[in-house]
Amino acid sequence: MGKDTGFLEYKRTNNGDVPPEERIKNFEEFHTPLDTQPRREQAARCMNCGVPFCQSAMNLGGMVTGCPLHNLIPEWNDEIYKGHEKHAFDRLYKTSNFPEFTGRVCPALCEKACMCGQNGDSVTVHDNELYLVETAFSKGYIKPVVPSIRSGKKVAVIGAGPSGLAVADELNHRGHTVEVFEREDEVGGLLMYGIPNMKLDKKVIKRRKKLMEEEGLVFHTGVNVGKGDSSEGDKTGEKKVSQKEILENFDAVVLCCGAKKARPLPVADPEKIKGVYYAVDFLTRTTKALLDSENRTVEALKNHGGYIDAAGKNVVIVGGGDTGNDCIGTVIRMGAKSVTALEMMPKPPVDRAESNPWPEWPKTLKTDYGHEEAIYVYGSDPRVFETTVKNVVTDKKGNIKQIETVKVTFKDGKLAEVPGSEKTLKCDLLLIAAGFIGCEDYSADAFSLKRSPRGTVVTADDGYHIPNTKLFSAGDMHRGQSLVVWAIAEGRACAKEVDEYLMGYTNL
Ligand SMILES: Cc1cc2nc3c(=O)[nH]c(=O)nc-3n(C[C@H](O)[C@H](O)[C@H](O)COP(=O)(O)OP(=O)(O)OC[C@H]3O[C@@H](n4cnc5c(N)ncnc54)[C@H](O)[C@@H]3O)c2cc1C
Ligand code: SF4
Numbered sequence: 067m068g069k070d071t072g073f074l075e076y077k078r079t080n081n082g083d084v085p086p087e088e089r090i091k092n093f094e095e096f097h098t099p100l101d102t103q104p105r106r107e108q109a110a111r112c113m114n115c116g117v118p119f120c121q122s123a124m125n126l127g128g129m130v131t132g133c134p135l136h137n138l139i140p141e142w143n144d145e146i147y148k149g150h151e152k153h154a155f156d157r158l159y160k161t162s163n164f165p166e167f168t169g170r171v172c173p174a175l176c177e178k179a180c181m182c183g184q185n186g187d188s189v190t191v192h193d194n195e196l197y198l199v200e201t202a203f204s205k206g207y208i209k210p211v212v213p214s215i216r217s218g219k220k221v222a223v224i225g226a227g228p229s230g231l232a233v234a235d236e237l238n239h240r241g242h243t244v245e246v247f248e249r250e251d252e253v254g255g256l257l258m259y260g261i262p263n264m265k266l267d268k269k270v271i272k273r274r275k276k277l278m279e280e281e282g283l284v285f286h287t288g289v290n291v292g293k294g295d296s297s298e299g300d301k302t303g304e305k306k307v308s309q310k311e312i313l314e315n316f317d318a319v320v321l322c323c324g325a326k327k328a329r330p331l332p333v334a335d336p337e338k339i340k341g342v343y344y345a346v347d348f349l350t351r352t353t354k355a356l357l358d359s360e361n362r363t364v365e366a367l368k369n370h371g372g373y374i375d376a377a378g379k380n381v382v383i384v385g386g387g388d389t390g391n392d393c394i395g396t397v398i399r400m401g402a403k404s405v406t407a408l409e410m411m412p413k414p415p416v417d418r419a420e421s422n423p424w425p426e427w428p429k430t431l432k433t434d435y436g437h438e439e440a441i442y443v444y445g446s447d448p449r450v451f452e453t454t455v456k457n458v459v460t461d462k463k464g465n466i467k468q469i470e471t472v473k474v475t476f477k478d479g480k481l482a483e484v485p486g487s488e489k490t491l492k493c494d495l496l497l498i499a500a501g502f503i504g505c506e507d508y509s510a511d512a513f514s515l516k517r518s519p520r521g522t523v524v525t526a527d528d529g530y531h532i533p534n535t536k537l538f539s540a541g542d543m544h545r546g547q548s549l550v551v552w553a554i555a556e557g558r559a560c561a562k563e564v565d566e567y568l569m570g571y572t573n574l
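Its first residue numbered 67, the sequence shown is counted upward by one per residue in our numbering.
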């Protein structure tokens, strides 16, 4: 333990935030890191608990609390305090392939379980992690590690989101020859085209990709697996690879295709009504335009064009989760006239309820960056709870103009409308961020994969292998829509199984 009185002496201090009035002028990351000395003081707050709940990943009350990667948090907090950044980073890197992703976007399951949080403020584990990995990059501690011997086994990974990247990273370091197939033009999955740039700068993903390539990994981007074969691709101009070609050429195949099938909103079909989009499509088009723009300012985006513009529009977002919040932050930067976010669930309490004690995952109201920005720009929190869309009104050209909302309650576990609670709302842009209902059918069907009622791929109990095949599945495709940290954790665990399948044993 670094400093035995640290948690008494030092108050929790988060990384700073660029104020909303400044940060909404661009799509840059907006957290400002602490200097080294205050960072060490933050690490000194860690009590090195005998039972470190922060790294436990326990399932309590049906929700996981503590780090799914079992990061060795007290160890590296201690090393940060002592100024041993290199050693601290080595301990972090032992359990986590991409701390630069989780250090930016993880909701920090570790902090929710931290013992310091029982009577005060938890340790800044998330910010400490980001400090370590960025220090490691800037000081050159992270160098390509190329395996000295190759096993002669070939593995195909389909999908380059965080789960696919983690599987590939582990198996490549183990000495297998790994090729990753990704249908988008860039790797990263929802890290790249989903999570906006202000939360995770896309340079961070490209930096990791370059490192992985230097380590011997091969990425095939712009290649769709399971929608045709390579000869067909030549004809249409789109690169395609069939499941047959993959199965013939590789000793093991890992499917990490995500869970991108969006939950529809029955009254507003994006195919039929102009001005209605699924949130991920909206966010993807924004990021693609931004990546091609001169810089990350709103002006550069506007000059570039080619995205779905919210400027001057009354925007309604259906869904109050992370995705909805990312849409709020994005439309504010574009200059939306108004933003309303509809959420079916009741408003959670600000503090933990008695029935939801530490160290359970806190079911409390989270005011995220997009909500803060909306409060600054429009003067109020954009969220309206226990409400959904009942009807959509369009103009003669089929453009959305207005929606009718209705209050809802849950009666005996079933959703019911509250009679007489209907209201109308101006709406020129409707974004559906109502969650996901499993993996896309074509990728799974191409490999004849069985699906669960939740739309996830069925594997062997407690594992990732699809029995009697050379196929494996991990991440959202296997788990259902989840978190980056879970995608990485599943990728690592799946890699172990693949290694054992190929070698008869594993030392991963
Ligand atoms: C808008 C949004 C914001 C989010 N914010 C956060 C956050 O802040 N923190 C957090 O922890 N989690 C967040 N999440 C969830 C997180 O991004 C996902 O849980 C995580 O990315 C899942 O990783 P994955 O590798 O399993 O799948 P994905 O990231 O979905 O990657 C799957 C990849 O497979 C590719 N693919 C699919 N089919 C094929 C095919 N047939 N051939 C070739 N390639 C294919 C896709 O193009 C994609 O790149 C967010 C999700 C969304 C939608
Ligand atoms: S629970 Fe909190 S105080 Fe205890 S070891 Fe983990 S980070 Fe440190």
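Cβ coordinates follow ideal geometry from the N, Cα and C atoms, glycine included.
When DSSP labels each residue in this structure, what does ILE532 get in the three-state scheme?
Taking the first residue of the sequence shown as position 1, residue 532 is located at position 466. Correct three-state label for ILE532: coil.
Return the residue from the list ASN185, ILE312, CYS182 and VAL191 that minimises the CA-CA distance to CYS656.
This structure cannot speak to residue 656, because the chain is shown only from 67 to 574.
With a cut-off of 8 Å, do at least 3 Cβ pairs link the stretch 211-223 to the stretch 548-555?
Touching, no, given that fewer than three Cβ pairs across the two stretches are closer than 8 Å.
Considering only the alpha carbon of each residue, which of LEU74, GLU488, LEU497 and GLY501 lies closest to GLY341?
As a first step, residue 341 must be located in the sequence shown, where it is residue number 275. Of LEU74, GLU488, LEU497 and GLY501, the residue nearest in Cα terms is LEU497.
Assuming GLY72 contacts LYS148 (C-beta within less than 8 Å), just tell me the rounded distance between them.
For the purposes of this step, residue 72 is taken as residue 6 along the sequence shown, with counting starting at 1. For the purposes of this step, residue 148 is taken as residue 82 along the sequence shown, with counting starting at 1. In fact, because the Cβ distance is near 12 Å, the residues do not count as touching under 8 Å.
According to DSSP, which residues form a beta bridge with ASN263?
Working through the sequence shown from its first residue, we reach residue 263 at position 197. According to DSSP, ASN263 bridges with nothing at all.
May I ask which residues mark the beginning and end of the beta strand (DSSP E) holding HIS286?
Within the sequence shown, residue 286 is the residue found at index 220, counting from 1. Where HIS286 is concerned, the enclosing beta strand (DSSP E) stretches over 284-287.
Within a Cβ cutoff of 8 Å, which residues of the same chain sit near VAL450, ignoring the five residues on either side of it in sequence?
Against the sequence shown, residue 450 aligns to sequence position 384. Around VAL450: THR406, ALA407, LEU408, GLU409 and THR471.
Look at the alpha carbon of ASP295 and the alpha carbon of LYS160, and state the distance between them as a whole number of angstroms.
Walking along the sequence shown from the start, residue 295 turns up at place 229. Walking along the sequence shown from the start, residue 160 turns up at place 94. Going by the C-alpha atoms only, they are around 39 Å apart.
Just verifying my parser: in three-state terms, what is the DSSP assignment at SER404?
Here residue 404 corresponds to residue number 338 of the sequence shown, with the count starting at 1. If DSSP states are grouped into helix, strand and coil, SER404 belongs with the strands.
At which residues does the beta strand (DSSP E) containing THR490 begin and terminate?
For the purposes of this step, residue 490 is taken as the residue at position 424 of the sequence shown. Segment 489-492, the beta strand (DSSP E) holding THR490.
Heavy atom of ligand 2 less than 7 Å from the Cβ of PRO173, yes or no?
Here residue 173 is taken as the residue at index 107 of the sequence shown, counted from 1. Result no, Cβ not under 7 Å from ligand 2.
What is the DSSP secondary structure of PHE247, counted as helix, strand or coil?
The residue given as residue 247 occupies position 181 in the sequence shown. Looking at PHE247 - three-state DSSP - the assignment turns out to be strand.
Looking only at C-alpha atoms, which of ILE215, GLY282, ASN263 and GLY260 sits nearest to GLU245?
By one-based count along the sequence shown, residue 245 stands at place 179. The shortest C-alpha separation from GLU245 is found at GLY282.
Per DSSP, which one or two residues make a beta bridge with ASP83?
Position 17 of the sequence shown, counted from the start, is the residue given in the question as residue 83. Per DSSP, HIS97.
So ARG105 and ASN238 are in contact, right, with Cβ under 8 Å, and what is the actual spacing, rounded?
Within the sequence shown, residue 105 is the residue found at index 39, counting from 1. Within the sequence shown, residue 238 is the residue found at index 172, counting from 1. The pair is not a contact, with the Cβ atoms about 32 Å apart (cut-off 8 Å).
Could you tell me the alpha carbon to alpha carbon distance between PRO99 and GLN121, rounded to whole angstroms?
The residue labelled residue 99 in the question sits at position 33 within the sequence shown. The residue labelled residue 121 in the question sits at position 55 within the sequence shown. Distance between the alpha carbons of PRO99 and GLN121 is about 23 Å.
Whole angstroms are fine: how far does the CA of ILE383 sit from the CA of CYS393?
Residue mapping note: residue 393 aligns to position 327 of the sequence shown, counting from 1. Residue mapping note: residue 383 aligns to position 317 of the sequence shown, counting from 1. Rounded to whole angstroms, CYS393 to ILE383 spans 7 Å at the Cα level.
Determine, using beta-carbon pairs with one atom in the stretch 541-550 and one in the stretch 323-341, whether at least three such pairs fall under 8 Å.
Because the criterion of three Cβ pairs below 8 Å is met, the stretch 541-550 and the stretch 323-341 touch.
Evaluate contact between the stretch 255-262 and the stretch 226-234, counting only Cβ atoms and requiring at least three cross-stretch pairs below 8 Å.
These segments touch.
Please confirm if the stretch 419-429 is in contact with the stretch 443-458, defined as three or more CB-CB distances below 8 Å between the two stretches.
Short answer: they don't touch.
Would ASN92 and THR363 be called neighbours here (beta carbons separated by less than 8 Å)?
Mapped onto the sequence shown, residue 92 falls at position 26. Mapped onto the sequence shown, residue 363 falls at position 297. Yes; because the gap between Cβ atoms is below 8 Å, this pair is in contact.
8 Å is my cut-off, CB to CB: does LYS477 come that close to chain C?
As a matter of chain content, chain C is missing from the structure shown, which is built from one protein chain.
Compute the minimum distance between the beta carbon of GLN547 and the heavy atoms of ligand 1, and state whether it is under 7 Å.
Stepping through the sequence shown from its first residue, residue 547 is reached at position 481. Yes.
According to DSSP, simplified to helix, strand and coil, what is PHE538?
Counting from one through the sequence shown, the residue named residue 538 turns up at place 472. In the structure shown, PHE538 sits in a strand (DSSP, three-state: E or B).
Under 7 Å from any heavy atom of ligand 1, does the C-beta of ARG351 make it?
Counting from 1 along the sequence shown, the entry for residue 351 is found at position 285. Because no heavy atom of ligand 1 lies under 7 Å away, the Cβ of ARG351 does not count as near it: no.
Should ASN80 be labelled buried (16 or more other beta-carbon atoms within 10 Å of its own) or exposed?
Taking the first residue of the sequence shown as position 1, residue 80 is located at position 14. ASN80 comes out exposed.
For ligand 1, is there a heavy atom less than 7 Å away from the beta-carbon of ILE224?
In the sequence shown, residue 224 corresponds to position 158, counting from 1. Yes, since a heavy atom of ligand 1 falls inside the 7 Å radius drawn around the Cβ of ILE224.
Among residues of its own chain, excluding the 5 on either side of GLU566, which ones have a beta-carbon nearer than 8 Å to its beta-carbon?
Here residue 566 refers to the residue found at position 500 of the sequence shown. If we look at GLU566 and ignore the five residues flanking it on each side, its Cβ neighbours are THR572.
Just confirm the distance between the C-beta atoms of VAL484 and ILE469, as a whole number of angstroms; I'd bet it's less than 8 Å.
Counting from one through the sequence shown, the residue named residue 484 turns up at place 418. Counting from one through the sequence shown, the residue named residue 469 turns up at place 403. With a Cβ gap of about 17 Å, VAL484 and ILE469 do not count as contacting.
Classify ALA377 as buried or exposed, calling it buried when 16 or more other Cβ atoms lie within 10 Å of its own Cβ.
Here residue 377 refers to the residue found at position 311 of the sequence shown. That one is exposed.
At a threshold of 7 Å, does CYS112 count as lining ligand 2 (C-beta to nearest heavy atom)?
By one-based count along the sequence shown, residue 112 stands at place 46. CYS112 Cβ: within cutoff of ligand 2.
Could you check if SER188 belongs to the surroundings of ligand 2, using beta carbon to heavy atom distance under 7 Å?
In the sequence shown, the residue the question calls residue 188 occupies position 122. The answer is yes for SER188.
Report yes if the CB atom of ILE339 is closer than 8 Å to the CB atom of THR535, and no otherwise.
On the sequence shown, residue 339 is found 273 positions in, with the first residue counted as 1. On the sequence shown, residue 535 is found 469 positions in, with the first residue counted as 1. Not closer than 8 Å, so no.
What number of angstroms, rounded off, separates the C-alpha of GLU488 from the C-alpha of ASN457?
Residue numbering aside, residue 488 sits at position 422 when the sequence shown is read from its first letter. Residue numbering aside, residue 457 sits at position 391 when the sequence shown is read from its first letter. Rounded to the nearest angstrom, the two C-alpha atoms are 10 Å apart.
Regarding ASN534 and ligand 1, is the C-beta to nearest heavy atom distance less than 7 Å?
Taking the first residue of the sequence shown as position 1, residue 534 is located at position 468. Checking the Cβ of ASN534 against ligand 1 gives no.
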